[in-house]
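Undergrad:
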Amino acid sequence: MKKTVQIPLGSQHISLLEPIRFKFECENEKIIGVDADVGFVHRGVELACTRKFEFKQVGYVVARVCGLCAITHSLSYTLAVEKLLGYEANDRIKYLRMLMVELDRIHSHMLCLAHTAENAGFEALFMQIMAQREPVMDIQEAISGNRVQFDYISIGGVNRDLTPDLSALIHKNLAALSEKVDALMMLFDTNWSLSLKYKGIGVLSLENAYTYNALGPLARAAGLASDVRSESSDLPYEAVGYTMVLESSGDIHARNFVRLREIVNSIAMCRNIVDNLPVGEIQEKVKGKPKGEAVVRVEAPRGELFYLVRGSGQNILERVRIKTPTFSGIPAMMEVFKGSQYADAPAILASFDPCMSCTAK
Amino acid sequence: MFKSMLEAFLNLFKPLHTGGYPAKEIVLPDGYRGLIEYDGEACIYCDKCEKVCPPGAILFYQQENGEKKYRYNPWLCIYCGECVRACPKPQEALWQSETKQQPALKEEGVNEQWFVWEAACQNSREAYTTAKKAAKTGTNEK
Amino acid sequence: MTKIETTLSSLLADIGTFYDKKIWHFLTVNGIDLGEGKIELQWIFSKYGAKDEIIIYYLISEYETAIPSIIGLIPSAIMGEREIVDMFGLTVSGVEKGLYLDEDSIPHPLRSQS
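Written as structure tokens, this is what we have:
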């Protein structure tokens with residue numbers, strides 16, 4: 001007699017909005033085997049980047065790989081092309097770029113926290129966090145002129161400058177958010193019903209994090225000190241007060257706390273940037289055509305984003321390789337599911353913050 | 001426990017986070033990236049905007065007498081503003097407004113008409129260059 | 001960024017002796033079409049805690065040649081290998097098709113069409 005039951009999760013499921021399918025091999029309630037299918041929304045972005053669009057336009061194409069981390073995609077691509085063109089941006093441009101990336105991280109982490117709360121059955125908290133996330137998006141809209149597709153970064157600089165009005169708005173909204181994040185940390189730590197769904201559930205051990213090359217908040221929650229912000233010198237993160245956030249228990253609770261503490265760190269960095277913005281041009285002329293090969297790593301909200309760009313001195317690039325965080329995180333995610341209860345699967349999945357449109361690109 | 005119950009009770013009297021959208025207009029921030037606007041009189045027809053546009057939302061139709069006709073697809077546009085930055089006469093010939101584009105209706109046939117227009121622009125160019133070449137060889141022979 | 005050339009026969013031995021999971025972070029497998037039926041394959045690693053230290057093992061192969069799989073050494077390579085199998089129509093031992101593409105999709109879209 002067959003002893004295991006196969007239960008699918010997705011590709012359409014009430015607990016997750018993204019098109020991903022997991023096939024769980026269950027022994028009663030316990031998951032013993034996982035199979036994942038992630039390619040439901042493949043759009044061929046890499047092909048379009050090397051056939052249809054010229055290198056100056058590709059930055060706007062790759063921004064459409066993902067809605068939440070649009071800015072990190074266009075940033076990594078732009079950095080890669082600037083390396084090929086032999087151009088290094090001045091400090092003001094670098095700081096403005098970092099400001100947008102950190103604001104993006106704040107609102108993306110808040111979205112993930114909201115979903116984790118929702119999948120633990122706490123609908124009210126979901127609404128609350130989503131409402132508190134709105135002021136951050138307002139800042140981004142005011143800076144870049146659009147709510148989701150910022151199109152803020154272009155080759156040779158950024159498209160808009162920071163005015164004193166905007167700085168005041170950033171300070172105002174971040175101050176309000178900062179109080180709310182403190183309250184959220186308290187809630188996530190002490191709420192009894194949340195701890196039932198979070199503490200000790202979905203554990204990724206440090207050993208497995210190394211073996212399966214976990215990345216982003218998933219790795220840092222397990223105690224693996226891996227953060228591109230400290231491993232790359234493309235952006236001056238140390239100068240604005242970046243500290244690595246590490247937890248050790250590797251469960252959902254730890255992942256939530258990595259995100260919450262990173263929000264606090266990002267808020268501090270944003271304030272630093274706004275207060276100490278260097279003077280300089282925001283847009284510089286870059287001439288030439290990309291030739292050679294460049295790799296760029298940028299820490300997106302979900303982990304490390306990797307771009308490999310190769311050009312041959314033409315307007316059309318030869319290869320644009322996009323490696324997104326969720327894509328390489330899937331083996332580690334599948335490992336976490338093994339051994340946990342089926343009922344916890346939605347909460348565990350939400351705590352990974354998977355981004356399927358990034359993965360399938 | 002009591003604290004959270006108190007909180008829940010107090011929440012009843014807090015203002016709504018979600019605005020009354022259909023009744024109240026959405027307030028767009030200053031500097032909202034909206035539609036691209038154009039003034040044909042100031043335009044020098046250098047075609048730079050057409051070349052840089054990532055989705056190809058600006059097209060020029062080549063008329064036989066050498067003049068060009070501008071056409072812009074507001075639904076295809078991604079409002080990135082590359083065209084304005086590329087324009088040699090920004091704010092005069094081409095500028096970005098703060099108007100938000102309304103969604104298209106099916107009756108307007110947005111895609112179908114644009115595809116027709118795209119093909120027409122392509123053809124007009126090819127016809128113009130071949131005509132020009134023919135004229136050139138014609139004058140040479142004389 | 002350091003590039004080290006390797007060969008199909010020595011790939012597993014090279015990566016096996018080089019890779020220590022506590023020091024090196026495996027990024028991904030990448031393929032670059034070089035035209036005329038040739039492809040450059042890259043295995044990309046970065047070092048934990050070091051600034052900008054990226055090592056790329058690469059080799060130039062042909063589309064017909066079967067590529068050895070490194071899943072035995074690095075389990076998380078499965079995603080990258082499944083992707084190159086789909087995108088370039090390569091054969092990687094023990095890796096099945098169908099991560100992104102379906103039966104009726106265009107086969108190996110990233111291969112040069114000429």
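Residue numbers (the working numbering), protein chains in the order written: chain A, 1 to 361; chain B, 1 to 142; chain C, 1 to 114. Even for Gly, the Cβ is constructed at its ideal location relative to N, Cα and C.
1) Could you tell me the boundaries of the alpha helix (DSSP H) in which B/Lys48 lies?
2) Count the other CB atoms within 10 Å of the CB of B/His17; is the residue buried (16 or more) or exposed (fewer)?
3) Can you give me the C-alpha to C-alpha distance between A/Pro331 and C/Ser61, rounded to a whole angstrom?
4) Mind checking if C/Leu110 is an interface residue toward chain A, Cβ cutoff 8 angstroms exclusive?
5) Under the three-state reduction of DSSP, which class applies to A/Val279: helix, strand or coil?
6) What separation, rounded to the nearest whole angstrom, lies between the Cα atoms of B/Pro55 and A/Leu103?
7) Counting only Cβ pairs nearer than 7 angstroms, list the residues of chain C close to A/Phe306.
8) For A/Leu364 and A/Gln149, I'd like the C-alpha separation in whole angstroms.
9) Do you know how far the Cα of A/Phe257 is from the Cα of A/Arg133?
10) Looking at C-alpha atoms only, which residue of A/Gly59, A/Leu99, A/Leu79, A/Val245 is the closest neighbour of B/Cys80?
11) A/Cys112 lies in the alpha helix (DSSP H); which residues open and close that run?
12) Return the chain-ordered list of same chain residues with a C-beta closer than 7 angstroms to the C-beta of B/Cys49, the five sequence neighbours on each side being excluded.
13) Which residues mark the beginning and the end of the alpha helix (DSSP H) in which B/Cys83 is found?
14) For chain A, check one thing: does any of its Cβ atoms lie closer than 8 angstroms to the Cβ of C/Ser9?
15) Taking buried to mean at least 16 other C-beta atoms within 10 Å of its own C-beta, is A/Lys172 buried or exposed?
16) Nearest CA to the CA of B/Gly34: which residue from B/Ser4, B/Gln102, B/Asn11, B/Pro15?
17) Would you verify that the beta carbon of A/Glu231 is, or is not, closer than 8 angstroms to some beta carbon of chain C?
18) Mark A/Asn146 as exposed unless 16 or more other C-beta atoms lie within 10 angstroms of its C-beta, in which case mark it buried.
19) Compute the distance between the beta-carbons of A/Ile282 and A/Asp91, then report whether it is under 8 angstroms.
20) Which residues of chain A have a Cβ atom closer than 9 angstroms to the Cβ of B/Val52, listed in chain order?
21) The beta strand (DSSP E) spanning A/Thr36 covers which residue range?
22) Which bits of chain C does A/Pro331 rub up against, with CB to CB less than 7 angstroms?
23) Shorter than 8 angstroms from the beta carbon of A/Tyr212 to some beta carbon of chain C?
24) Check the Cβ of C/Tyr63 against every Cβ in chain E and list those closer than 9 angstroms, keeping chain order.
25) On the criterion of 16 or more Cβ atoms from any shown chain inside 10 Å, does B/Ile44 qualify as buried, or is it exposed?
26) Determine the closest residue to C/Leu34 out of A/Val38, A/Thr50, A/Val34, with distance taken between C-alpha atoms.
27) In chain A, which residues lie with their C-beta within 9 angstroms of the C-beta of C/Leu99?
28) Would you call the CB atoms of A/Tyr342 and A/Ile93 closer than 8 angstroms?
29) Once the 5 residues before and after A/Ser108 are set aside, which same chain residues still bring their CB inside 7 angstroms of it?
30) Contact defined as beta carbons within less than 8 angstroms: I believe C/Tyr58 pairs with C/Glu5. What is the distance between those atoms, to the nearest angstrom?
31) For the beta strand (DSSP E) containing C/Thr28, name the first residue and the last one.
32) Give the DSSP bridge partners of B/Glu37, in chain order.
33) Contact check, A/Leu85 vs A/Gly288 under 8 angstroms by CB: the rounded distance?
34) If we count Cβ pairs, one from each stretch, closer than 8 angstroms, do we get three or more for the segment 303 to 311 of chain A versus the segment 237 to 244 of chain A?
35) So what does A/Gly311 bridge to, in DSSP terms?
36) If you pair each beta-carbon of the segment 17 to 37 of chain A with each one of the segment 309 to 323 of chain A, do three or more pairs fall below 8 angstroms?
TA: In this structure, then:
1) 48 to 52
2) exposed
3) 27 angstroms
4) yes
5) coil
6) 27 angstroms
7) Leu27, Thr28
8) In this structure chain A extends from 1 to 361, so residue 364 of chain A is not present and cannot be described.
9) 17 angstroms
10) A/Gly59
11) 91 to 119
12) Ile58, Cys83, Ala86, Cys87, Leu94
13) 82 to 86
14) no
15) exposed
16) B/Gln102
17) yes
18) buried
19) no
20) Glu54, Lys56, Gln57
21) Note that residue 36 of chain A is Ala in the sequence shown, not Thr. Looking at the DSSP string, the run of the beta strand (DSSP E) that includes A/Ala36 is 30 to 37.
22) Pro75, Ser76, Ile78, Met79
23) yes
24) Protein chains A, B and C are contained in the structure displayed, whereas chain E is not.
25) exposed
26) A/Thr50
27) Asp37, Val38, Gly39, His42, Ala360
28) no
29) Leu68, Cys69, Pro301
30) 6 angstroms
31) 24 to 35
32) B/Trp95
33) 5 angstroms
34) no
35) A/Gly292
36) no
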